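Engineer: Mind having a look at this structure? Questions to follow.
There are 2 protein chains.
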Amino acid sequence: MRADAQRNRDRIVEVARTFFRAKGFDAVSMDEVAKGAEVGPGTLYRHFPTKESLYDAVLEAWAGKVNAAVDRALSLDASARERLLTWLTDYAAMLTEHKGAAARITAALGDPGSPFAAKCTTYVNANQRLIDGLDSALRPGVEAMQISRLVGGMAAVADNSELPAESVASMLAVVADGLLAP
Amino acid sequence: MRADAQRNRDRIVEVARTFFRAKGFDAVSMDEVAKGAEVGPGTLYRHFPTKESLYDAVLEAWAGKVNAAVDRALSLDASARERLLTWLTDYAAMLTEHKGAAARITAALGDPGSPFAAKCTTYVNANQRLIDGLDSALRPGVEAMQISRLVGGMAAVADNSELPAESVASMLAVVADGLLAP
DNA sequence: TGCAAAACGGAGAGTGTCTCCGTATAGTTC
DNA sequence: GAACTATACGGAGACACTCTCCGTTTTGCA
């Protein structure tokens, strides 16, 4: 990639991250991002063919954080329920940073053609590691994709309605108890 | 209302219902509905100032069905878990009829200014009746709004990803067990 | 039949995503 | 360092969508 192209790409992603964080995915227009990064729309669209692919680039660090959160929860010296709740709470907390991310990633689960397919894979894998780590504490037959959908769905609701932390916590407690062996 | 206005309104709602069912909320344009109902865009927008208000009219029968489903579930001669699962399953099943409805209604929960505010109220009230009906079988402190969000969130995921019935059932089982007293 | 109020409907404003293509520039070769 | 070519730039604009304004038509009533 040419040096000027790299510079522009970096600036676009940086500007887009700022805008998306401040206003959420829907409220940011591509023109706005282009103007903010001081490039033309053509340049923007050559680097990122769709708005979602731009969002995917912005969320690059997100996948890493998901993995770190699972590791942290599993490494706690606590009950299975507590470790599970820690992970669920951490995941929900990641939403305050990127409004709309949970809904988009959850919607893309199981769609290999989505721009978020890579994010979905790391997310589902994280839940698989959670299942392996908590071992027999979970109800039998529970699958990583299932947890991903459950948690993603809750997270999307919490994000969308901008629920206070305690409302989110009580919903997550229900999900956690449902996931633990009866 | 003048007779021609009533005729047009009825035809608009009927056409819109067909289109929304076939393609989902987002994939239907207002122009399309106007053309289908053989009216101009101006007429369409006088009857329904926003696209969401049109959807609200289309979902008119939805609220009644929600209430009927709760009544049916509560009147069953079965365990609390079974009655709860019946209601959850029924609710999820209502989505095959109106793609996108669950997500929109769930997103509008707690927003009195939404065009779906009336639908939200009946939906939350239905869950309150469920709580009253199942009485002490549910975990203490559970609220109608909380159930509405949980079930709505799950339903939205199921709808969005067009999950097969057994996947939905296993997710709902998790939610149901989480809602029942530990 | 005549009339006022109500409803109609099309042109178009405003906003969004995304494309085409002529122009400018970076990086390489002599 | 000059010429050249592949690459990148960026703006005009195509297209789609929601929603509005306002001149025209229709309805229901006296």
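Quick mapping for you: the protein sequence lines, in order, are chains D and X. Heads up, the final residue of the first sequence is numbered 182 in this note's numbering, and it's a clean run with no missing numbers. Heads up, the final residue of the second sequence is numbered 1182 in this note's numbering, and it's a clean run with no missing numbers. Think of the CB as a built atom: it goes at the ideal place given N, C-alpha and C, for glycine as much as any other residue. Since the model is a prediction, treat every value here as computed from it, not as a measurement.
I need the DSSP call for residue 138/D, collapsed to helix, strand or coil.
Structural biologist: As a first step, residue 138/D must be located in the first sequence, where it is residue number 138. Note: residue 138/D maps to strand in three-state DSSP.
Engineer: Under the criterion of a Cβ to heavy atom distance below 6 Å, does residue 1111/X qualify as lining the ligand SAH?
Structural biologist: Of the ligands one can find in the structure shown there are none, so the ligand SAH has no counterpart to examine.
Engineer: Quick one: what's got a C-beta closer than 8 Å to residue 1066/X's C-beta in the same chain, skipping five residues either side?
Structural biologist: Counted from its first residue, the second sequence places residue 1066/X at position 66. Result list for residue 1066/X: 1091, 1094, 1122, 1123, 1126, in chain order.
Engineer: Name, in chain order, the residues that DSSP records as bridge partners for residue 1180/X.
Structural biologist: For the purposes of this step, residue 1180/X is identified with residue 180 of the second sequence, where counting begins at 1. DSSP lists 1138/X as partners of residue 1180/X.
Engineer: Among the candidates 171/D, 50/D, 109/D, whose CA atom is the shortest distance from the CA of residue 1159/X?
Structural biologist: Taking the second sequence and counting its residues from 1, one reaches residue 1159/X at position 159. Ranking 171/D, 50/D, 109/D by Cα distance to residue 1159/X puts 109/D first.
Engineer: Run down chain D in chain order and give the residues with a C-beta less than 7 Å from the C-beta of residue 1182/X.
Structural biologist: The residue labelled residue 1182/X in the question sits at position 182 within the second sequence. 177, listed in chain order.
Engineer: Go ahead and pull the three-state DSSP assignment for residue 1005/X.
Structural biologist: Here residue 1005/X is taken as the residue at index 5 of the second sequence, counted from 1. Helix, per DSSP.
Engineer: Kindly say whether residue 126/D, judged by its beta-carbon, lies nearer than 7 Å to any beta-carbon of chain X.
Structural biologist: To locate residue 126/D, count along the first sequence from 1; it is residue 126. No, residue 126/D lies away from the interface with chain X (no Cβ there is under 7 Å from its Cβ).
Engineer: Measuring only the C-alpha atoms, how far is residue 1064/X from residue 1017/X?
Structural biologist: The sequence position of residue 1064/X within the second sequence is 64, counting from 1. The sequence position of residue 1017/X within the second sequence is 17, counting from 1. If I take the Cα positions, the gap works out to 16 Å.
Engineer: Cβ closer than 7 Å: which chain X residues qualify as neighbours of residue 153/D?
Structural biologist: Along the first sequence, one-based indexing puts residue 153/D at 153. Neighbours of residue 153/D on chain X, chain order: 1153, 1154, 1156, 1157.
Engineer: Distance cutoff 7 Å, beta carbons only. Does residue 150/D sit that close to anything in chain X?
Structural biologist: Counting from one through the first sequence, the residue named residue 150/D turns up at place 150. So, interface residue.
Engineer: Hey, how far is the Cα of residue 1131/X from the Cα of residue 1107/X?
Structural biologist: Residue 1131/X sits at position 131 when you count from the first residue of the second sequence. Residue 1107/X sits at position 107 when you count from the first residue of the second sequence. Computed Cα separation, rounded: 22 Å.
Engineer: Does the beta carbon of residue 1161/X sit closer than 7 Å to a beta carbon anywhere in chain D?
Structural biologist: As a position in the second sequence, residue 1161/X is number 161, starting the count at 1. By this cut-off, residue 1161/X is an interface position.
Engineer: Rounded to whole angstroms, what's the CA-CA distance from residue 75/D to residue 150/D? Just pull it up for me.
Structural biologist: Against the first sequence, residue 75/D aligns to sequence position 75. Against the first sequence, residue 150/D aligns to sequence position 150. If I take the Cα positions, the gap works out to 23 Å.
Engineer: Taking C-beta to C-beta, are residue 83/D and residue 69/D nearer than 7 Å?
Structural biologist: Position 83 of the first sequence holds residue 83/D. Position 69 of the first sequence holds residue 69/D. No; because the gap between Cβ atoms is not below 7 Å, this pair is not in contact.
Engineer: Run down chain D in chain order and give the residues with a C-beta less than 7 Å from the C-beta of residue 1171/X.
Structural biologist: In the second sequence, the residue the question calls residue 1171/X occupies position 171. Result: 146, 149, 150.
Engineer: Between the region 85-118 of chain D and chain X, which residues of the former have CB atoms less than 7 Å from a CB of the latter, in chain order?
Structural biologist: Result list: 106, 107, 109, 110.
Engineer: Within the 7 Å Cβ cut-off, does residue 1174/X reach chain D?
Structural biologist: Mapped onto the second sequence, residue 1174/X falls at position 174. Yes, residue 1174/X lies at the interface with chain D (some Cβ there is under 7 Å from its Cβ).
Engineer: My assumption, with CB atoms under 8 Å, is that residue 1153/X sits in contact with residue 154/D. Please give the rounded CB distance.
Structural biologist: Translated into positions along the second sequence, residue 1153/X becomes position 153. Translated into positions along the first sequence, residue 154/D becomes position 154. Right, the Cβ-Cβ distance comes to about 5 Å (below 8 Å), so this counts as a contact.
Engineer: Specify the secondary structure class of residue 1035/X as computed by DSSP and reduced to three states.
Structural biologist: In the second sequence, counting from the first residue as 1, residue 1035/X sits at position 35. Three-state DSSP puts residue 1035/X in a helix.
Engineer: Would you kindly report the start and end of the unbroken alpha helix (DSSP H) that includes residue 65/D?
Structural biologist: Working through the first sequence from its first residue, we reach residue 65/D at position 65. Taken as a continuous stretch (DSSP letters only), the alpha helix (DSSP H) holding residue 65/D covers 60-75.
Engineer: Does the beta-carbon of residue 79/D have 16 or more other beta-carbons within 10 angstroms, so that it is buried, or is it exposed?
Structural biologist: Within the first sequence, numbered from 1, the residue matching residue 79/D stands at position 79. Flag for residue 79/D reads exposed.
Engineer: Helix, strand or coil for residue 47/D? Go by DSSP, reduced to three states.
Structural biologist: Here the question's residue 47/D lines up with position 47 in the first sequence. Here residue 47/D sits in helix by DSSP.
Engineer: Identify whether residue 157/D lies in helix, strand or coil by the three-state DSSP scheme.
Structural biologist: Against the first sequence, residue 157/D aligns to sequence position 157. Helix.
Engineer: I believe residue 147/D touches residue 179/D by the beta-carbon criterion, under 8 Å. Please report the beta-carbon distance rounded to the nearest angstrom.
Structural biologist: Counting from 1 along the first sequence, the entry for residue 147/D is found at position 147. Counting from 1 along the first sequence, the entry for residue 179/D is found at position 179. About 7 Å separates the two Cβ atoms, so the contact holds.
Engineer: Note down the Cα distance separating residue 1136/X from residue 34/D, rounded to an integer number of angstroms.
Structural biologist: Position 136 of the second sequence, counting from 1, holds the residue named residue 1136/X. Position 34 of the first sequence, counting from 1, holds the residue named residue 34/D. If you take the alpha carbons of residue 1136/X and residue 34/D, they lie about 57 Å apart.
Engineer: Using the three-state DSSP reduction, which class does residue 111/D fall into: helix, strand or coil?
Structural biologist: Taking the first sequence and counting its residues from 1, one reaches residue 111/D at position 111. DSSP places residue 111/D in coil when its eight states are reduced to three.
Engineer: What is the rounded straight-line gap between the Cα of residue 27/D and the Cα of residue 1133/X?
Structural biologist: The sequence position of residue 27/D within the first sequence is 27, counting from 1. The sequence position of residue 1133/X within the second sequence is 133, counting from 1. Approximately 42 Å between the Cα atoms of the pair.
Engineer: Kindly list the residues whose CB is nearer than 6 Å to the CB of residue 143/D, restricted to its own chain and excluding five residues on each side of it in sequence; keep chain order.
Structural biologist: Reading the first sequence from its first residue, position 143 is the one you call residue 143/D. Same-chain partners within the cutoff: there are none.
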